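K.L.:
In the numbering used here, the protein residues as written are 7 to 959. Where a beta carbon is used, it is the ideal one built from N, C-alpha and C, also for glycine. Keep in mind it's a predicted model, so treat the numbers as computed, not measured.
Structure below.
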C-alpha cells in the first residue's frame with residue numbers, strides 16, 4: 007500500500023493482507039482522487055475552498071469514488087470469491103477517502119500546511135476497521151489522536167471529515183483523545199482497550215501514533231494479560247448465552263453468533279495482547295496452531311467474510327443475521343447448486359455450520375495453549391502448589407488417562423495410536439467419573455480421527471462403550487456433544503456424520519439435524535431424572551417402568567439420521583437401524599423395535615395434531631399400528647422428546663394435551679379395558695350425567711339445556727365442558743351473538759366459545775377474526791344445536807405468560823369476532839391492517855389436497871397442506887362452505903412456513919362425501935385458495951360464483 011506525504015504531515019499504513027495482490031488500483035486510484043479534489047480549488051485565496059459550493063462538489067467526487075470502489079469490490083468478490091480480500095479492499099477504499107479529505111482540508115480548506123507541535127494530529131482506525139477489514143455496511147471507528155488537548159484546527163478538520171463521511175451515508179464512530187487520555191481510559195475500560203489494541207494509522211503524525219503504541223504496551227498491556235483474557239472470554243460466553251449458546255441455529259448471526267466472526271476476532275485480540283502477534287501465520291510460528299489448523303483458520307475467516315460481505319451487498323445494509331429470506335440468494339451468489347436430497351441452500355448452510363464448528367475447535371485449541379502458558383508462567387510457591395494440583399492423578403482401572411483439575415486428559419500423546427478403542431473409552435470414563443474434557447485431550451482426539459476405521463467400528467468393546475455413553479444416567483447429551491464436536495461420533499457412526507451440520511430450509515426446525523438429535527437425548531435424560539414432572543405428568547409417571555432403555559435411546563439418537571436423502575427419511579432411517587443396531591450389540595428383538603420406532607416416529611404426533619381424537623376409528627387405527635402398551639409408552643416418550651427438541655416455543659401445553667389424550671384413549675384398547683358400547687348407549691349415559699350435574703336448575707331449563715344438542719356433542723365434549731357451555735348458553739338468552747373466553751395455563755391455550763345463528767361461513771368469519779388479531783388457531787370444534795344456532799369452540803395458541811394479559815387479548819379477539827358477525831367489520835380490511843410488511847421467504851412447497859373416506863366411519867376427512875399466510879384458514883373454511891360441506895371439526899397444525907389443516911366434514915345431509923366428480927371439484931376449489939388467493943374471503947376482490955363453487959377452474 008502506498009504511503010503519501012505532504013509537508014508537515016506524516017503517516018503510514020499497513021494491511022494484514024500485505025503481499026497479496028488485492029488489485030487496489032481497480033478499487034480506487036489515490037492520485038486520480040486527489041487530482042479530482044485539487045481541481046475543485048477555485049483559487050489560492052485563504053478560505054476559497056470553505057464555501058458550501060466547493061463542499062458540495064467535494065462530496066460529489068467522494069460519492070462517485072465510493073460507489074465505484076464498492077461496485078468494483080463486489081464484482082471482484084463474485085469473480086474470486088475471496089471474503090478477506092473483499093473486506094480489505096473496502097477498508098483500503100475507506101482509507102483513501104479519509105486521507106484525501108484530510109489532505110484537502112489541511113491544504114485548501116483551512117490552509118494549515120505548517121503545523122505547530124500542539125496542532126499535530128493522527129487519524130487512527132480502531133476496532134474492526136483497525137484490522138484493515140470492513141464489510142460494506144460496517145461501522146467506521148476513528149480515533150483522532152492529539153498530543154495534548156484539542157485545538158481549534160484539530161476540531162475543524164475532524165468536523166469537516168466527519169460530516170462528509172456522514173453525508174456519504176457511512177456509519178462513523180469516533181473519539182477525540184490525547185495520548186494520555188487514551189492510555190488512562192484503556193486501563194479501566196476493556197472495550198476502549200480492545201479498540202486501541204487494533205489501532206492502525208491512516209494519516210497524520212506518525213510519531214504521535216508511535217508514542218501511543220509505546221505507552222499502550224508499557225502501561226496498559228504489560229502485566230495485565232490475564233485480566234484481559236478473562237474479560238474477553240467472559241464477554242464471549244455472555245454473547246453466546248444471549249444467542250442461545252449454540253452454533254447450530256438455522257438462522258445464525260454471522261458476526262456475533264457462536265462460531266462466527268466475533269469468535270475469531272476474540273482470538274486475535276487475545277493473541278495481540280498476550281503473544282504480541284496479529285496474524286494467523288504468527289500464531290502458527292508461536293506453536294499455538296499447527297500448520298493445518300492455521301490453514302483451517304484462514305479458510306474459516308475468508309468464508310465468513312465472504313458470506314458477510316455478500317449479505318451486506320445484497321441487502322444494502324449491515325445485515326448480520328443469515329435469515330431464511332436471504333439464504334437462497336447468498337447460496338446462489340457463492341455458487342452452490344442442488345444435489346439429490348439437498349438443495350443449494352441446504353448445502354451452503356451445511357458448509358456454514360461446518361465452518362462454525364471449525365471456529366469452535368480452534369477456540370478450544372487456543373484456550374489450551376493459553377492454559378499451558380499460564381501454568382508455565384505461574385511464579386514461586388503459588389506455581390509450585392498449582393503444579394502439585396495439576397500432577398497426574400490416574401483414573402482407577404486405566405493408565406491411559408488422568409484427571410487434571412477436574413478434567414479428563416491423556417497420559418501421553420500415544421494413547422489413541424496404541425489402542426484406538428481409547429477414542430471411545432475416554433468418553434465412557436468421563437461420563438462415569440463426571441469429568442469435563444481437557445482441551446489437550448480434545449485436540450489429540452481430533453488429530454487421531456483417522457484411527458476410526460471399519461475395524462474399530464466392528465469392535466464389540468468399542469460399541470459397548472458407545473452404548474454406555476449414550477445411555478448414561480446423568481448427562482448423556484453432554485458427552486455425546488463433546489464426541490460430536492471432536493468428530494468421533496460422525497466417524498464411528500458414518501450415517502450420523504452425513505447429517506452433521508445439516509440444516510433443513512424451513513421455518514419449523516431451529517437447529518441443525520445433529521443438534522436436534524442431541525437435544526432430544528437431553529430431553530429424554532431430563533425426563534428419566536424426574537426433572538419434567540410438572541410439564542409432562544403422564545410420561546414422567548411411566549418413564550420408570552420402561553424396560554427397553556437402550557432401544558429407546560438408540561431410536562431417539564437416529565430417528566432423523568436419514569434426513570437429506572431423496573427417499574422418506576423415516577423409511578430410510580429404519581433401514582439404517584436394521585444395519586446399525588446389531589453392530590451396536592442389540593439383539594434381533596431390540597433391533598426390530600428400534601426400526602419400528604424410527605419408521606413410525608412421526609405417527610403419534612401426526613395423529614394427535616391432525617386427527618379427530620373423538621372419532622373412535624382414529625383411536626382403533628392408531629392402536630392397531632402400535633399393537634402393545636410397551637410400544638405405546640416408548641412411542642409417546644420418543645414423540646415428546648422429539649417435539650421438545652425442535653426449538654424454543656415449539657412444544658406447548660396444547661400439544662402435550664393432545665398427546666396425553668391420544669395416549670389415554672389408546673391405552674384401554676391395548677389392555678382390554680375398552681368397551682365397545684353402542685353410540686346410543688353412550689349418548690344416553692352422557693345426557694344422564696349432564697342432568698345430574700345441572701340438578702340445581704329447574705326441570706324445564708335443565709331439560710332444555712340437555713335437548714339443545716345432538717348426539718355428536720355428547721360423545722365428544724367432556725362433562726365439565728358441557729356444564730360450562732350450558733351456563734354460557736343460559737346466560738346469553740336473548741342475544742343474537744355471544745362470545746366467552748377463558749385461558750388454560752397448563753395446556754398453553756386460550757379458548758373462545760362463540761354462540762351464533764348457524765351459517766355456512768360462520769367458521770370462516772371466526773377464523774378471519776382470529777387471523778386479523780395475529781392469533782394462531784390450534785383446533786376448532788363445530789356443533790349445530792337443535793334450535794338452529796351453532797356453538798363453535800376455537801382453541802388458540804397462547805401468546806402471553808400472564809393469565810390477565812392473555813384474557814385481555816382473548817376478549818379483544820372475541821369482540822372482533824362479534825364485529826364481523828354483526829357486519830361492522832370486514833375480514834380483508836382487518837387482515838390488511840395486521841399484515842406484516844416483511845417479505846416472506848420464497849419456500850418451494852406446492853399445496854396438496856388429500857381426501858380420505860377410510861379414516862372415519864361417519865365423516866370425510868379433508869387434509870390440506872401448503873404455505874401459510876394471513877387469512878388462509880378463513881379462506882379454506884369459506885371455500886368448504888361454498889362447496890356445500892358441513893365442517894364438524896378442524897385441526898390446525900403449523901410447521902414454520904407450512905400449515906397442515908385437517909377438516910372432518912359431511913355433506914348437508916350429514917353423510918360422507920362420495921363421487922369422484924365431486925371429490926375432484928373439492929380438490930380443485932381448495933387448490934385455488936393457494937394458487938389464486940386474491941379472490942378469496944380475506945381478499946378485497948370476489949370470485950365469480952362458478953369459480954367459487956368449483957364448477958370451473
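What does the alpha-carbon distance come out to for the pair residue 452 and residue 897?
P.N.:
Roughly 49 Å between the two C-alpha positions.
K.L.:
Quick check on the burial criterion: 16 or more other C-beta atoms within 10 angstroms. Buried or exposed for residue 64?
P.N.:
Residue 64 should be labelled buried.
K.L.:
Taking DSSP as the reference, what is the three-state secondary structure of residue 442?
P.N.:
Three-state result, residue 442: strand.
K.L.:
Using 8 Å for Cβ pairs, my map puts residue 234 next to residue 279. What's the rounded Cβ distance?
P.N.:
Their Cβ separation, rounded to whole angstroms, is 5 Å, which keeps residue 234 and residue 279 in contact under 8 Å.
K.L.:
Assuming residue 788 contacts residue 769 (C-beta within less than 8 Å), just tell me the rounded distance between them.
P.N.:
Right, the Cβ-Cβ distance comes to about 6 Å (below 8 Å), so this counts as a contact.
K.L.:
By Cβ distance below 8 Å, which residues in the same chain neighbour residue 745 in space, the five residues on each side in sequence not counted?
P.N.:
The residues are 758, 759, 760, 761, 820, 821, 823 and 824.
K.L.:
Which residue wins for smallest C-alpha separation from residue 737, given the options 160, 135 and 707?
P.N.:
Answer by Cα proximity: 707.
K.L.:
Within a Cβ cutoff of 6 Å, which residues of the same chain sit near residue 525, ignoring the five residues on either side of it in sequence?
P.N.:
The residues are 651.
K.L.:
Does the separation of the CB atoms of residue 431 and residue 471 fall below 7 Å?
P.N.:
Cβ distance < 7 Å, so residue 431 and residue 471 count as in contact.
K.L.:
Count Cβ pairs between the segment 235 to 250 and the segment 326 to 340 that sit closer than 8 Å; are there 3 or more?
P.N.:
Cβ pair count under 8 Å is below three, so no.
K.L.:
Comparing alpha-carbon positions, which option in 509, 547, 483 and 573 lies nearest residue 560?
P.N.:
When each option's Cα is compared against that of residue 560, the closest is 483.
K.L.:
Provide the residue span of the beta strand (DSSP E) that contains residue 409, from first to last.
P.N.:
Here the beta strand (DSSP E) through residue 409 covers 407 to 410.
K.L.:
Taking contact to mean 3 or more Cβ pairs, one atom from each stretch, closer than 8 Å, check whether the segment 475 to 493 and the segment 435 to 446 are in contact.
P.N.:
Output reads yes: the segment 435 to 446 touches the segment 475 to 493.
K.L.:
On the three-state DSSP scale, how would you describe residue 552?
P.N.:
Coil at residue 552, not helix or strand.
K.L.:
Give the C-beta separation of residue 330 and residue 257 to the nearest angstrom, bearing in mind that I take them to be a contact with Cβ-Cβ under 8 Å.
P.N.:
With a Cβ gap of about 6 Å, residue 330 and residue 257 count as contacting.
K.L.:
Going by DSSP, which residues form a beta bridge with residue 855?
P.N.:
Answer by DSSP bridge pairing, in chain order: 870.
K.L.:
Apply the 10 Å Cβ neighbour rule to residue 763 and answer buried if 16 or more other Cβ atoms are within range, or exposed otherwise.
P.N.:
Counting Cβ neighbours within 10 Å, residue 763 comes out exposed, since fewer than 16 surround it.
K.L.:
Please classify residue 140: does DSSP put it in a helix, a strand, or coil?
P.N.:
Of the three classes helix, strand and coil, the one that applies to residue 140 here is coil, per DSSP.
K.L.:
Kindly indicate which residue of 349, 238, 97 and 910 has the alpha-carbon position closest to the one of residue 572.
P.N.:
Out of 349, 238, 97 and 910, 349 has the C-alpha closest to the C-alpha of residue 572.
K.L.:
Which one or two residues does DSSP pair with residue 716 in a beta bridge?
P.N.:
None, per the DSSP bridge assignment.
K.L.:
Can you tell me whether residue 200 is buried or exposed? The criterion is at least 16 other CB atoms within 10 Å of its CB, across all chains shown.
P.N.:
Buried, because 16 or more other Cβ atoms sit within 10 Å of the Cβ of residue 200.
K.L.:
Using the rule of at least 16 other Cβ atoms within 10 Å of the residue's Cβ for burial, across every protein chain shown, is residue 756 buried or exposed?
P.N.:
So residue 756 counts as buried.
K.L.:
Identify the residues that DSSP records as bridge partners of residue 508: which are they?
P.N.:
Looking at the DSSP assignment, residue 508 forms no beta bridge with any residue, so it has no partner.
K.L.:
Determine the closest residue to residue 579 out of 711, 570 and 605, with distance taken between C-alpha atoms.
P.N.:
For the residues 711, 570 and 605, the minimum Cα distance to residue 579 belongs to 605.
K.L.:
Per DSSP, what are the beta-bridge partners of residue 911 in this structure?
P.N.:
Bridge partners of residue 911: 866 and 893.
K.L.:
Mind checking residue 690: buried by the 16 CB within 10 Å criterion, or exposed?
P.N.:
Flag for residue 690 reads exposed.
K.L.:
Judging by CA-CA distance, which residue of 32, 62, 215 and 125 is the nearest neighbour of residue 80?
P.N.:
Here the closest residue by C-alpha is 32.
K.L.:
What residues match up with residue 179 in a beta bridge as DSSP calls it?
P.N.:
Bridge partners of residue 179: 147.
K.L.:
Among 609, 271 and 162, which one has its Cα closest to the Cα of residue 631?
P.N.:
Among 609, 271 and 162, the Cα nearest to that of residue 631 is on 609.
K.L.:
Work out the CA separation of residue 147 and residue 90 for me, nearest whole Å.
P.N.:
Spanning the two alpha carbons is a distance of roughly 19 Å.
K.L.:
Expressed to the nearest angstrom, what Euclidean distance is found between the alpha-carbon atoms of residue 405 and residue 417?
P.N.:
Answer to the nearest angstrom: the Cα atoms are 7 Å apart.
K.L.:
Looking at the secondary structure, which residues open and close the beta strand (DSSP E) in which residue 789 lies?
P.N.:
Residues 783 to 790.
K.L.:
Enumerate in chain order the residues of its own chain whose CB-to-CB distance from residue 854 is below 6 Å, with the five nearest sequence positions on each side excluded.
P.N.:
For residue 854, where only same-chain residues beyond five positions count, the Cβ hits under 6 Å are 871.
K.L.:
Just to confirm my understanding: we take residue 717, look at its own chain, exclude 5 residues before and 5 after, and list those with CB closer than 6 Å. What are they?
P.N.:
The answer, listed in chain order, is 689.
K.L.:
Using C-beta distances below 7 Å, list every residue in its chain close to residue 364, excluding the 5 sequence neighbours before and after it, in chain order.
P.N.:
Contacts found: 302 and 306.
K.L.:
Check each candidate in 191, 213, 50 and 549 and name the one with the smallest Cα separation from residue 153.
P.N.:
Comparing Cα-Cα distances from residue 153 to each of 191, 213, 50 and 549, the minimum goes to 213.
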